[in-house]
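Have a look at the structure below before the remarks.
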Amino acid sequence: MPDELGRWAAKRAPELLARAEAEAVEELKRALVEATLRNRAEARRDPGKPRVTEPTPPRGHGLWCYCVTRSGEPPPERTPGVHEAGPVERIEHAPLAVLVSRVPLAEFGEEALRGNLNDLDWLERVARSHELVLERTLEQTTIVPLRLCTIFEDEGGVRRMLDEQRSQLLAALELLSGRQEWGIKLLADRDSLERAARGRRTEADADTDEAAQPSAGGAYMLRRRMERQVREEADRLAVGVAEDVHARLQDWASDAVLNPPQNRDLSGHEGEMLLNGAYLVETPKVARLRELVGELQERHRELGVTLQLTGPWPPYNFVPHDPISERAAPA
Amino acid sequence: MAQERYLPSRGGAGLPGRPTESANLADILERVLDKGIVIAGDIQINLLEVELLTIKLRLLIASVDRAREMGINWWESDPSLQSVEGDGEENGHEQLERENRELRERLERLEQRLGLEEGQRREEESRAG
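Chain order of the listed sequences is B and C.
Start counting the first sequence at 1; every next residue gets the next number (this note's numbering).
Start counting the second sequence at 332; every next residue gets the next number (this note's numbering).
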């Protein structure tokens, strides 16, 4: 008997270990997220907390770059930038132009940024301001969004960059002209998924289950097995609906990018995020995109899914991926 | 009906000219940190620091494990995501060291959770060796 128990335990050990490890990792991630969010809450309560600055902060200012447009566009609407040190201005350098604003190096120098970027509250403020400038400009013209923290010492540096990257930037502007980036998320309610899965399973497996004619103990095992099958079937349904929605949108859009699902502590979404995609759509087809999203949701209604459409976004997801290194391109 | 959410500044809500709190922070961060064209400016924070930060934030942003469990992992074929760990300044050795450190931390947690005492572990090690 002890031998038998030992064998049983040995057989179960890998599974139990795996489960414990998964739980431990989950726990670790939760703690990390909690700690970060807590720091943020504390920073909010204490607005007097000094920003990270270098021991001997560099004086002077840099130029924060938002996005590139073609030159000769109307001047930007009055929009606050990432710092009050200066308004958002346009540097014209035909055939291109860049939107910039002055930022103090005491807060935006290399050392200071290293700390500030890891302060979620600071990061949120700067990210939202950057985003707002891009959205405003997007209303008027085609833009190439720059990643956060593209900072030059002076106007000369910005102009040199435009010279060096001219062909890449013009190609990107050409590609993005007349197109919009829209975000689409597919959210599913786990209970509805499992309900649908149970329905499908019952049809398929009822006969086999009945044929088994279980004893009282067998009934328990049977129920456990059935629950597992329902979970697996619900996962299959989830993958299926995500594939269907993405395939339809991808066929139809100029380009598509899939991103990892978001963490609900930041996004606040409900249910499971099955799809988090960005789609580049020709501007005249946007009205049809809305209809298509409605149709896709209707088609999968029994699974209790919701499609969430956001946009138009600055086309972050559709600019060249490879980092453009300094002086890499021919001038 | 499908939910539709416009971007914060065009919905008409909130004060004009000020970013509202309503846009999903995850939507914005996943874009401004991971996407957009990368150009090396004079302030050399771009690649190394932002990539490191991105890795850290990825813990915050992505609930990737649950999706993988369900069999959803197709964003992994996206080259822009692959590049995050490969292209940064972090070389192979540093990456190994980091992974090693993370695994050690995980192991420690695991052992605590399993209630393994130091003595027990030593006993097992000696038996194994």
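The C-beta atom is built at its ideal place from N, Cα and C for all residues, glycine as well.
Can you pull the chain B residues whose beta carbon is under 7 Å from the beta carbon of residue 356 of chain C, in chain order? Start at 1 with the first residue of the second sequence, and residue 356 of chain C comes out as number 25. Within chain B, the residues near residue 356 of chain C are 124, 266.
Tell me the DSSP secondary structure of residue 93 of chain B in three-state form. Sequence index remark: in the first sequence, residue 93 of chain B carries index 93 (1-based). The answer is strand: DSSP assigns residue 93 of chain B an E or B state.
Assuming residue 250 of chain B contacts residue 256 of chain B under a Cβ cut-off of 8 Å, what Cβ separation, rounded to an integer in Å, is found between them? Within the first sequence, residue 250 of chain B is the residue found at index 250, counting from 1. Within the first sequence, residue 256 of chain B is the residue found at index 256, counting from 1. The pair is a contact, with the Cβ atoms about 4 Å apart (cut-off 8 Å).
For a contact meaning CB atoms closer than 9 Å, what does residue 437 of chain C contact in chain B? Translated into positions along the second sequence, residue 437 of chain C becomes position 106. Within 9 Å Cβ-Cβ: 21, 24, 25, 28.
How would you call residue 180 of chain B, buried or exposed, if buried means at least 16 neighbouring beta carbons within 10 angstroms? Here residue 180 of chain B refers to the residue found at position 180 of the first sequence. Counting Cβ neighbours within 10 Å, residue 180 of chain B comes out buried, since at least 16 surround it.
With DSSP as the reference, please indicate the residues paired to residue 118 of chain B in a beta bridge. As a position in the first sequence, residue 118 of chain B is number 118, starting the count at 1. Beta-bridge pairing links residue 118 of chain B to no other residue.
For a quick check, are the C-beta atoms of residue 146 of chain B and residue 100 of chain B less than 8 Å apart? Mapped onto the first sequence, residue 146 of chain B falls at position 146. Mapped onto the first sequence, residue 100 of chain B falls at position 100. No, these two residues do not count as a Cβ contact at 8 Å.
Pairs of beta-carbons, one from the stretch 359-374 of chain C and one from the stretch 231-249 of chain B, closer than 8 Å: are there three or more? Segment contact: the stretch 359-374 of chain C against the stretch 231-249 of chain B, fewer than three CB-CB distances shorter than 8 Å; contact not assigned.
Does residue 440 of chain C get closer than 8 Å to chain B when you measure Cβ to Cβ? Residue numbering aside, residue 440 of chain C sits at position 109 when the second sequence is read from its first letter. Cβ-Cβ to chain B under 8 Å: yes for residue 440 of chain C.
Residue interval of the beta strand (DSSP E) (run including residue 273 of chain B): On the first sequence, residue 273 of chain B is found 273 positions in, with the first residue counted as 1. DSSP places residue 273 of chain B inside the beta strand (DSSP E), whose first and last residues are 272-282.
Chain-ordered neighbours of residue 109 of chain B on chain C, where CB pairs are closer than 8 Å: As a working mapping, residue 109 of chain B is identified with position 109 in the first sequence. Residues of chain C passing the Cβ test: 374.
Going by the beta-carbon positions, is the gap between residue 296 of chain B and residue 245 of chain B smaller than 8 Å? On the first sequence, residue 296 of chain B is found 296 positions in, with the first residue counted as 1. On the first sequence, residue 245 of chain B is found 245 positions in, with the first residue counted as 1. Contact: yes.
Out of B:132, B:306, B:105, B:290, point me to the one whose CA is closest to residue 373 of chain C's CA. Within the second sequence, numbered from 1, the residue matching residue 373 of chain C stands at position 42. Selected option, being the one with the closest Cα: B:105.
So the beta strand (DSSP E) residue 311 of chain B belongs to, where does it begin and stop? The sequence position of residue 311 of chain B within the first sequence is 311, counting from 1. Element bounds for residue 311 of chain B: 305-313.
Closest to residue 88 of chain B by C-alpha separation, out of B:95, B:221, B:68, would be which residue? Walking along the first sequence from the start, residue 88 of chain B turns up at place 88. Checking every option, the nearest Cα to that of residue 88 of chain B belongs to B:68.
Which residues of chain B have a Cβ atom closer than 8 Å to the Cβ of residue 364 of chain C, listed in chain order? Locating residue 364 of chain C in the second sequence gives position 33, where the first residue counts as 1. Going along chain B in sequence order, the residues near residue 364 of chain C (Cβ under 8 Å) are 127, 147, 148.
Kindly indicate which residue of B:123, B:223, B:303, B:28 has the alpha-carbon position closest to the one of residue 370 of chain B. Here chain B covers residues 1 to 331 and nothing more, so residue 370 of chain B does not appear.
Excluding the five sequence neighbours on either side, which residues of its own chain have a C-beta within less than 7 Å of the C-beta of residue 286 of chain B, listed in chain order? Within the first sequence, numbered from 1, the residue matching residue 286 of chain B stands at position 286. Correct list, in chain order: 180.
DSSP on residue 366 of chain C, reduced to helix/strand/coil? Reading the second sequence from its first residue, position 35 is the one you call residue 366 of chain C. In the structure shown, residue 366 of chain C sits in coil (DSSP, three-state: anything other than H, G, I, E or B).
Quick one: which unbroken alpha helix (DSSP H) runs of 4-plus residues sit fully inside the stretch 178-261 of chain B? Chain order, please. Here the runs fully enclosed are 190-212, 216-252.
To the nearest angstrom, how far is it from the Cα of residue 114 of chain B to the Cα of residue 127 of chain B? For this step, residue 114 of chain B is matched to residue 114 along the first sequence. For this step, residue 127 of chain B is matched to residue 127 along the first sequence. Straight-line Cα distance between these residues: approximately 15 Å.
When B:279, B:95, B:16 are compared against residue 164 of chain B, the one with the closest alpha-carbon: Stepping through the first sequence from its first residue, residue 164 of chain B is reached at position 164. Considering only alpha carbons, the answer is B:95.
C-beta atoms of residue 23 of chain B and residue 444 of chain C nearer than 8 Å: Reading the first sequence from its first residue, position 23 is the one you call residue 23 of chain B. Reading the second sequence from its first residue, position 113 is the one you call residue 444 of chain C. Against a cut-off of 8 Å, the Cβ pair of residue 444 of chain C and residue 23 of chain B comes out as a contact.
Spatially closest choice to residue 266 of chain B from B:174, B:233, B:120, by CA coordinates: Taking the first sequence and counting its residues from 1, the one referred to as residue 266 of chain B is at position 266. Closest option to residue 266 of chain B, Cα to Cα, is B:120.
Run through DSSP, which three-state label would residue 71 of chain B get? Sequence index remark: in the first sequence, residue 71 of chain B carries index 71 (1-based). Residue 71 of chain B: coil per DSSP, three-state reduction.
Partners in chain B for residue 432 of chain C, counting only beta-carbon separations shorter than 9 Å: Position 101 of the second sequence holds residue 432 of chain C. What residue 432 of chain C touches in chain B: nothing, since even the nearest Cβ is about 13 Å away.
Which residues of chain B have a Cβ atom closer than 9 Å to the Cβ of residue 444 of chain C, listed in chain order? Position 113 of the second sequence, counted from the start, is the residue given in the question as residue 444 of chain C. Correct list: 20, 21, 23, 24, 27.
Does the Cβ-Cβ distance between residue 275 of chain B and residue 185 of chain B come in under 8 Å? What you label residue 275 of chain B is simply residue 275 of the first sequence in a count that begins at 1. What you label residue 185 of chain B is simply residue 185 of the first sequence in a count that begins at 1. Taking the C-beta atoms as reference points, residue 185 of chain B is found nearer than 8 Å to residue 275 of chain B.
Assign residue 337 of chain B to one of three DSSP states: helix, strand, or coil. Since the first residue shown for chain B is 1 and the last is 331, residue 337 of chain B is missing from the structure and cannot be characterised.
Given a threshold of 16 other Cβ atoms within 10 Å of its Cβ, counted over all protein chains shown, does residue 273 of chain B qualify as buried or as exposed? Taking the first sequence and counting its residues from 1, one reaches residue 273 of chain B at position 273. With 16 or more neighbouring CB atoms inside 10 Å of its own CB, residue 273 of chain B falls in the buried class.
In whole angstroms, what separates the C-alpha of residue 440 of chain C from that of residue 396 of chain C? Locating residue 440 of chain C in the second sequence gives position 109, where the first residue counts as 1. Locating residue 396 of chain C in the second sequence gives position 65, where the first residue counts as 1. Cα to Cα, residue 440 of chain C sits roughly 18 Å from residue 396 of chain C.
Let's see if you can read the secondary structure: which residues bound the alpha helix (DSSP H) around residue 161 of chain B? Stepping through the first sequence from its first residue, residue 161 of chain B is reached at position 161. Run containing residue 161 of chain B: 155-164, per the alpha helix (DSSP H) assignment.
Would you list, in chain order, the members of the stretch 227-247 of chain B that have their beta-carbon closer than 7 Å to a beta-carbon of chain C? 235, 238, 239, 242
Residue 287 of chain B: contacting residues in chain C (beta-carbon distance under 8 Å): The residue you call residue 287 of chain B lines up with position 287 of the first sequence. Within 8 Å Cβ-Cβ: nothing; residue 287 of chain B doesn't reach chain C, min ~12 Å.
Decide if residue 75 of chain B is buried, meaning its Cβ has at least 16 other Cβ atoms within 10 Å, or exposed. Stepping through the first sequence from its first residue, residue 75 of chain B is reached at position 75. Exposed: under 16 other Cβ atoms inside 10 Å.
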